[in-house]
Amino acid sequence: VNIARLSYDIQLAQALNLVPFIEADYSAYEDRLGDERFDDRFGVTGGVTAQTRFQRYFSGIGPYERVKHIVVPSLTYLNRPDPSVDLNRTPQLDGLDFRPGRERVEGKLENVVLAKHAETGDIWQLAQLSLYAGSDIKSEIGTSDDLEIDVSFRPVPKWGVFSSAEHHDAQPGAGDPGGEF
93 VNIARLSYDI QLAQALNLVP FIEADYSAYE DRLGDERFDD RFGVTGGVTA
143 QTRFQRYFSG IGPYERVKHI VVPSLTYLNR PDPSVDLNRT PQLDGLDFRP
193 GRERVEGKLE NVVLAKHAET GDIWQLAQLS LYAGSDIKSE IGTSDDLEID
243 VSFRPVPKWG VFSSAEHHDA QPGAGDPGGE F
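Per our numbering, residue 93 is the first one in the sequence shown, and the count goes up by one each step.
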């Protein structure tokens, strides 16, 4: 499997970036190494991400000399036309083979809290809250609505707590044989 991605960061305003991207992938499948005959699959994905960033500083909270809160909301649209070989005919050897044609919208809200310890001067990520939602507009095999949340808290640099939850609501499509997705 070979994957190439090209993107360009365009700063429209001080607080707004657009990142158009294009990604191409190519896979070759053969029964035995060195066979003259093999199947190959080519796919391309294009899209754009709009992102902004807000930040605020706080001082004198507990053992921390300074605290910085960063909020990064983003919205992504991507379109991947059906690849050159139908997904149902593609060998599913790993996650890289499961790349169906799809049109999708994704949103993410990232909250990060950085802290500077008063005694040591160390700076680290004290806490993080990430909220993600994605929805297929159309897909080669079926649509999916996804929700994810990640929470981490590290009061000291060497240890912390991380928790994650996900919910995926998948609906089979016409190209999904057997109705399973």
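Ideal Cβ positions, reconstructed from N, Cα and C, are used throughout, including at glycine. Given the structure is predicted, the values throughout are model-derived calculations rather than measurements.
In angstroms with no decimal places, state the Cα-to-Cα distance between residue 118 and residue 195. Sequence index remark: in the sequence shown, residue 118 carries index 26 (1-based). Sequence index remark: in the sequence shown, residue 195 carries index 103 (1-based). Going by the C-alpha atoms only, they are around 19 Å apart.
If you compare alpha carbons, which of 218, 238, 115 and 247 is closest to residue 260? Here residue 260 is taken as the residue at index 168 of the sequence shown, counted from 1. The shortest C-alpha separation from residue 260 is found at 238.
What's the call for residue 248, buried or exposed, on a 16-neighbour Cβ count within 10 Å? The count along the sequence shown starts at 1 and reaches residue 248 at position 156. Label assigned to residue 248: exposed.
Considering only the alpha carbon of each residue, which of 150, 217, 105 and 172 lies closest to residue 137? Counted from its first residue, the sequence shown places residue 137 at position 45. Among 150, 217, 105 and 172, the Cα nearest to that of residue 137 is on 172.
Buried versus exposed call for residue 214 [16 or more other C-beta atoms within 10 Å across all chains shown]: As a first step, residue 214 is located in the sequence shown; it is residue number 122 there, counting from the start. That one is exposed.
Any beta strand (DSSP E) of 3 or more consecutive residues that is wholly inside the stretch 210-256: Listed in chain order, they are 215-231 and 234-248.
So what's residue 155 in DSSP terms, helix, strand or just coil? As a working mapping, residue 155 is identified with position 63 in the sequence shown. Looking at residue 155 - three-state DSSP - the assignment turns out to be coil, as it is neither helix nor strand.
Would you list the one or two residues that DSSP bridges to residue 168? Stepping through the sequence shown from its first residue, residue 168 is reached at position 76. Under DSSP, the beta-bridge partners assigned to residue 168 are 141 and 198.
Cβ-based neighbour list, residue 99, same chain, cut-off 6 Å, excluding 5 preceding and 5 following: Taking the first residue of the sequence shown as position 1, residue 99 is located at position 7. Hits under 6 Å: 111 and 113.
Pick out whichever of 139, 255, 207 and 230 has its Cα sitting closest to the Cα of residue 243. The sequence position of residue 243 within the sequence shown is 151, counting from 1. Closest option to residue 243, Cα to Cα, is 255.
Just the C-alpha distance for residue 224 and residue 116, rounded to the nearest angstrom, thanks. If you number the sequence shown from 1, residue 224 lands on position 132. If you number the sequence shown from 1, residue 116 lands on position 24. One alpha carbon belongs to residue 224, the other to residue 116, and they sit about 24 Å apart.
Roughly how many angstroms separate the alpha carbons of residue 141 and residue 168, rounded to a whole number? The residue labelled residue 141 in the question sits at position 49 within the sequence shown. The residue labelled residue 168 in the question sits at position 76 within the sequence shown. Linking residue 141 to residue 168 through their CA atoms gives a straight-line distance of about 4 Å.
Using three-state DSSP, classify residue 100 as helix, strand or coil. Position 8 of the sequence shown, counted from the first residue, corresponds to residue 100. Secondary structure at residue 100: coil, using DSSP grouped into helix, strand and coil.
Continuous beta strand (DSSP E) stretch holding residue 112: start and end: Here residue 112 corresponds to residue number 20 of the sequence shown, with the count starting at 1. Counted as a single uninterrupted DSSP element, the beta strand (DSSP E) harbouring residue 112 occupies residues 108-121.
Checking the sheet assignment: what are the DSSP bridge partners for residue 173? Within the sequence shown, numbered from 1, the residue matching residue 173 stands at position 81. As computed with DSSP, residue 173 is found in no beta bridge at all.
Can you give me the Cβ contacts of residue 280 inside the same chain, cut-off strictly under 6 Å, excluding the 5 residues immediately before and after it? A query on residue 280 cannot be resolved here, the shown segment of the chain reaching from 93 to 273 and no further.
Just the C-alpha distance for residue 301 and residue 252, rounded to the nearest angstrom, thanks. Because the chain spans 93 through 273 in this model, residue 301 falls outside it and cannot be assessed.
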